[in-house]
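>
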Amino acid sequence: QNLDRHIRTHTGEKPYQCSECDKAFAINSSLIVHIRTHTGEKPYQCPHCDKAFSDSSTLKNHQKRHLGIKRLTTKSLSYHGKTHTQDMPYQCIHCTKAFSLKITLKNHMMTHTGEKPYQCNQCDKAYIERSKLVKHIR
1 QNLDRHIRTH
11 TGEKPYQCSE
21 CDKAFAINSS
31 LIVHIRTHTG
41 EKPYQCPHCD
51 KAFSDSSTLK
61 NHQKRHLGIK
71 RLTTKSLSYH
81 GKTHTQDMPY
91 QCIHCTKAFS
101 LKITLKNHMM
111 THTGEKPYQC
121 NQCDKAYIER
131 SKLVKHIR
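Numbering-wise (full-length UniProt numbering), the sequence shown opens with residue 1 and increments by one.
Below, the structure is given as structure tokens:
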């Protein structure tokens, strides 16, 4: 069975057809998860909040947020690495601060202008960074 599944990665064969739409899958379990997009079934409930998911891997990724574990991407690692260098090419024109990333300077500039583009739709709080709004909403 595992060999058959592996061979399908090379042949492109997708024998598991969705009866609701034209999608087909190489693995039966992928079809089962896909069918849940039609039924709305979300059997994987987060024990920390009221969210539910159609597959276990999405639940596991979600649970990492509750634990404060961030998914690391090549881009995020590259950005993070720049915060440890002494190279600070982005200089604020209003004060003496300098930054290694252009986006960090952009966010900093809003402290001078008072701009807070991320507004909560439940109250009057607003934030410079989207991540701060997301944290506020939780």
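Here a beta-carbon is modelled for each residue, glycine too, at the ideal position from N, C-alpha and C.
With DSSP collapsed to three states, give me the class of Q63.
Here residue 63 refers to the residue found at position 63 when the sequence shown is read from its first residue. DSSP places Q63 within a helical segment (H, G or I) once states are collapsed to three.
> So is L77 buried or exposed if we call it buried at 16+ other beta carbons inside 10 Å?
Position 77 of the sequence shown, counted from the start, is the residue given in the question as residue 77. Counting Cβ neighbours within 10 Å, L77 comes out exposed, since fewer than 16 surround it.
> Count the other CB atoms, across all protein chains shown, that sit within 10 Å of the CB of I128; report buried if there are 16 or more and exposed otherwise.
Indexing the sequence shown from 1 puts residue 128 at position 128. Counting of Cβ neighbours within 10 angstroms places I128 among the buried residues, the total reaching 16 or more.
> Who are residue 143's beta bridge partners in DSSP?
Residue 143 falls outside the range modelled here, since the chain spans only 1 to 138, and no answer is possible.
> Report all residues from its chain with a CB closer than 7 Å to the CB of L133; omit the five preceding and five following residues, and keep chain order.
For the purposes of this step, residue 133 is taken as the residue at position 133 of the sequence shown. These residues qualify, in order along the chain: Y118, C120 and Y127.
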